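Numbered according to the numbering used here, the sequence shown spans residues 1 to 164. C-beta atoms are modelled at their ideal positions from N, C-alpha and C, and glycine is treated no differently. Remember, predicted model here, so these are calculated numbers, not experimental data. The structure under discussion appears below in the form of structure tokens.
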Amino acid sequence: AGKCKACATDSECGPGGSCQAGACKRATKCSKDEDCADDEDCVNGLCRKPGEASNPGDATCPLQAVYFGFDDSSVQASERDRLAANVSCIETTKGKGVYLIGHTDTSGTDEYNIALSERRAQAVADYMSRLGSDPARLQVVPKGETEPTGLGDDRDRRVEFQWH
1 AGKCKACATD SECGPGGSCQ AGACKRATKC SKDEDCADDE DCVNGLCRKP GEASNPGDAT
61 CPLQAVYFGF DDSSVQASER DRLAANVSCI ETTKGKGVYL IGHTDTSGTD EYNIALSERR
121 AQAVADYMSR LGSDPARLQV VPKGETEPTG LGDDRDRRVE FQWH
């Protein structure tokens, strides 16, 4: 009891865990970068050091979610640096594709929100393609309002990235 589990890879540490210096470490939950230590970023709701996989077994660089205004599917200027970083990450990780998972808040009908989440994810895919990402590696997945963050409407209006 009280000992850290020995490991060789992140996949041995379970969801949210990472293998660091042969020991499993748990990531801290977060909603924004400010919730994490100075040398960490908030990635998919968990604090991660740059270069850490966002999920066990994933590629070696994190992909950051981008956020949208109310009833808007245009990529905001404030999100462009994140998308540029995601493009760089994807380009250094050969052989893997990325799901662009669109989300909305609960305003509007289910049908409208599915369409809006698809427009958001497609806008991100188009923007990333203009920055140099291979469109064949980007797959749009609309989720509508089905997966709220629990952190408020402004955090529900997002596109998340998942390696595949």
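Option nearest residue i by Cα separation, candidates the options
i      : options                        : result
Asp153 : Asp33, Gly69, Asp38 and Glu34  : Gly69
Thr146 : Glu34, Leu116 and Ser133       : Leu116
Thr109 : Ala65, Arg82 and Asp71         : Asp71
Ser133 : Cys36, Ser74 and Val87         : Val87
Ala85  : Gly95, Val43, Asp35 and Glu111 : Val43
Beta-carbon gap between residue i and residue j smaller than 9 Å
i     : j      : result
Cys89 : Leu63  : yes
Ser74 : Ala123 : yes
Classification of residue i by the beta-carbon crowding that lies within 10 angstroms, buried from 16 upward
i      : result
Gly150 : exposed
Arg80  : exposed
Asp33  : exposed
Thr92  : exposed
Asp156 : buried
Assumed close pair residue i, residue j - CB separation to whole angstroms, cut-off 8 Å
i      : j      : result
Gly102 : Glu118 : 6 Å
Val66  : Ala121 : Actually they do not touch by this definition, with Cβ atoms about 10 Å apart.
Leu46  : Cys61  : The Cβ separation is near 15 Å, so there is no contact.
Asp39  : Arg48  : Incorrect: roughly 10 Å between the Cβ atoms, too far for contact.
Residues near residue i in its chain [Cβ-Cβ closer than 7 Å; skip 5 each side]
i      : result
Ala125 : Leu100, Pro135, Leu138 and Val140
Lys143 : Ile101, Gly102, His103 and Ser117
Residues near residue i by beta carbon distance below 6 Å, same chain, minus five either side
i      : result
Asn113 : Thr104, Gly144 and Glu145
Ser129 : Pro135
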